[in-house]
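Read top to bottom, the protein sequences are chains F and V.
Note that the first sequence covers residues 1 to 258 in UniProt numbering.
Note that the second sequence covers residues 1 to 258 in UniProt numbering.
Glycine included, every Cβ here is placed at the ideal spot set by N, Cα and C.
2 protein chains.
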Amino acid sequence: MAQKIKLVLIDLSGTLHIDNSVIPGAIEALKKLRGSNAQVKFVTNTTKESKNILHTRLKTLGFDIKKDEIFSSLGAARELVKGRKLNPLLLIDDAALEDFTDIIDEKQPSNAVLVGLAPEKFNYKYLNEAFRLLLEGAPLIAIHKGRYYKKSDGLALGPGAFVQGLEFSANVKAEIIGKPSANFFKSALGNFSPEEAVMIGDDVNDDVAGAQAAGIRGFLVKTGKYRVGDEITIDPVPAKVCNSFVDAVDMILQSNDS
Amino acid sequence: MAQKIKLVLIDLSGTLHIDNSVIPGAIEALKKLRGSNAQVKFVTNTTKESKNILHTRLKTLGFDIKKDEIFSSLGAARELVKGRKLNPLLLIDDAALEDFTDIIDEKQPSNAVLVGLAPEKFNYKYLNEAFRLLLEGAPLIAIHKGRYYKKSDGLALGPGAFVQGLEFSANVKAEIIGKPSANFFKSALGNFSPEEAVMIGDDVNDDVAGAQAAGIRGFLVKTGKYRVGDEITIDPVPAKVCNSFVDAVDMILQSNDS
């Protein structure tokens, strides 16, 4: 018998919502989950916006989410930059910059490259600036290396394409902060053991394989960036494959009741 | 004893010139080489400009080069697109477009992605358009996959970064047309055997290792994109390492005289 689930780690974009559309039934399912004994945490690689903006947006969409329940790779990046006293060139979206303004000195030369999802900065000028810093020995830090993400009009390139390209041209290896890094999942667990937790997400690599590599059961949802057959591309396969977050919650509640 | 050198394949950018500056002594060295019995051909991955523009620029710099001596990956790309009746999205520089205008139908949907060096098109909008075509099964064709090239103000990202990024995100493998593809070198050889030829270039991978993989001796010059230690990054090492094109020509003439 599987252990009772005491902590549910939940991805945001593609799992609870896509842009400003809520996944049908997700708000109610989250309520139901909160009514059980399980604790919830939101584990996101979203780097498009600061924690404030993200939290406000989720509230506006109707989700009952507290700011300190959001565990984001952007926040982890902030801690890393602060802890190592780095002054990185920021390839991150303008809406996420407020999380860094107090720890970055734009008047000083950059000594690292930090990459998030930043479509407006993924152009030759910025990328070449980053490339030249890497040639001088600056570390390449990727908030995450997602291959693509789901937009309302289809899949779109994630920061992974640009991180991979910089790695190739500068012949360096990026340090990955967010999912699927095992350190990131371990921090998200807090005092829970991996066996007590599940991770629900739409990214078979970053959410599911990443969590499972850290000993956490991974539930793959067929929304967001999910593409047919994703579940057979990882080994071990996902602990569960669910139509959506709504199904995933039902499976958890049933499992805890049995 | 090494075989006499009957064909000299010469890279252009970084070997004979950098942007609009001539490598010191290169014009005279080329004259000297033409005075010997060896035939010369210019083998270039330059995709920044059409053959006409490139040829005019080299003439203006003072080089005695005939248009039909230039063997370019851009030209090979044109032949491939024409031969396969493809209608690619062109991530190539505006100055190179004239080589494709008569074989591309912009009104029809694209069914392939062709990537050259195109700083102005290496932005999120174009790259995402390319990514979505690749997801639909369009082939990814790279005119070359150079990691970086030498500009007058330093090294700069080559198309390789963007090809690699697209390969990663779309989970595909690009077909490479130019150097270091063995097919490209074989075409450049014409009726000569690989043992009768040498390739002179500043790119240890694309020029030297590529040529040597096709059985052609590779001479690495320490100009252009050369970085200290490049010669020990490939196996086998370059047949010769020369300070510049001038030295390379002297070595060839001495070798043929001995």
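For residue i, three-class secondary structure by DSSP
| i | result |
| --- | --- |
| F/E120 | helix |
| V/P180 | coil |
| V/V246 | helix |
| F/S258 | coil |
| V/H17 | strand |
| F/M1 | Per-residue confidence for F/M1 stands at a pLDDT of 49, beneath the threshold of 50, marking its modelled position as unreliable; no derived number is given. |
| F/P44 | The residue asked about is misnamed: residue 44 of chain F is Thr in this sequence, not Pro. Strand, per DSSP. |
| residue 265 of chain F | The requested residue 265 of chain F is not part of the displayed model; chain F covers only 1 to 258. |
| F/A138 | coil |
| V/V204 | helix |
| V/K150 | strand |
| V/F71 | strand |
| V/V22 | strand |
| V/K107 | coil |
| V/E175 | strand |
| V/K240 | strand |
| V/I53 | helix |
| F/K66 | coil |
| V/G210 | helix |
| F/L253 | helix |
| F/T233 | coil |
| V/V163 | helix |
| F/F192 | coil |
| V/F168 | helix |
| V/T101 | coil |
| residue 261 of chain V | Any answer about residue 261 of chain V is impossible in this case: the structure gives chain V only from 1 up to 258. |
| V/V81 | helix |
C-beta atoms of residue i and residue j nearer than 7 Å
| i | j | result |
| --- | --- | --- |
| F/G165 | F/K145 | no |
| F/L117 | F/K48 | yes |
| F/K82 | F/I53 | no |
| F/L61 | F/H17 | yes |
| F/P238 | F/V208 | yes |
| F/S72 | F/T44 | yes |
| F/F42 | F/I5 | no |
| V/T15 | V/D247 | no |
| V/F131 | V/A182 | no |
| V/L133 | V/L90 | no |
| F/I176 | F/P194 | no |
| F/Y126 | V/F122 | no |
| F/V249 | F/L33 | yes |
| V/L29 | V/V8 | The question names Leu, but residue 29 of chain V in the sequence shown is Ala. No, the pair does not count as a contact, with Cβ atoms beyond the cut-off. |
| V/A142 | V/V172 | no |
| V/G190 | V/F184 | no |
| F/F245 | F/A77 | no |
| V/L157 | F/N128 | yes |
| F/L140 | F/A188 | no |
| F/D206 | F/P180 | yes |
| F/I200 | F/I23 | no |
| F/D19 | F/S152 | yes |
| F/V113 | F/A138 | yes |
| V/E231 | V/V221 | no |
Under 7 Å by beta carbon: chain F residues contacting residue i
| i | result |
| --- | --- |
| V/R147 | F168, S169 |
| V/A95 | Going along chain F, no residue has its Cβ under 7 Å from V/A95, so there is no contact; the nearest lies around 15 Å. |
| V/Q164 | Q164, G165, F168 |
Within chain V, the residues that residue i reaches when beta carbons sit closer than 9 Å
| i | result |
| --- | --- |
| F/N191 | Those do not exist, as F/N191 stays about 36 Å from chain V at its closest Cβ, beyond 9 Å. |
| F/G160 | G165, F168, S169 |
Neighbouring residues, chain V, relative to residue i (Cβ below 8 Å)
| i | result |
| --- | --- |
| F/F122 | N123, Y124, L127 |
| F/L155 | F131, R132, L135 |
Residue(s) in a DSSP beta bridge with residue i
| i | result |
| --- | --- |
| V/A197 | V/L7 |
| F/P88 | F/A112 |
| F/A29 | Beta-bridge pairing links F/A29 to no other residue. |
| F/T223 | DSSP output for F/T223 lists no bridge partner at all. |
| F/L157 | F/Y148 |
| V/G218 | V/M199 |
| F/Q39 | F/L7 |
9 Å Cβ cut-off: residues of chain F touching residue i
| i | result |
| --- | --- |
| V/P119 | N123, Y124, K125, N128 |
| V/G137 | Chain F residues near V/G137: none, gap ~13 Å exceeds 9 Å. |
- Message: Check whether the region 218–238 of chain V and the region 139–155 of chain V are in contact - that is, three or more C-beta pairs closer than 8 Å.
- Response: By the Cβ criterion, the region 218–238 of chain V is in contact with the region 139–155 of chain V, since at least three pairs of Cβ atoms, one from each stretch, lie closer than 8 Å.
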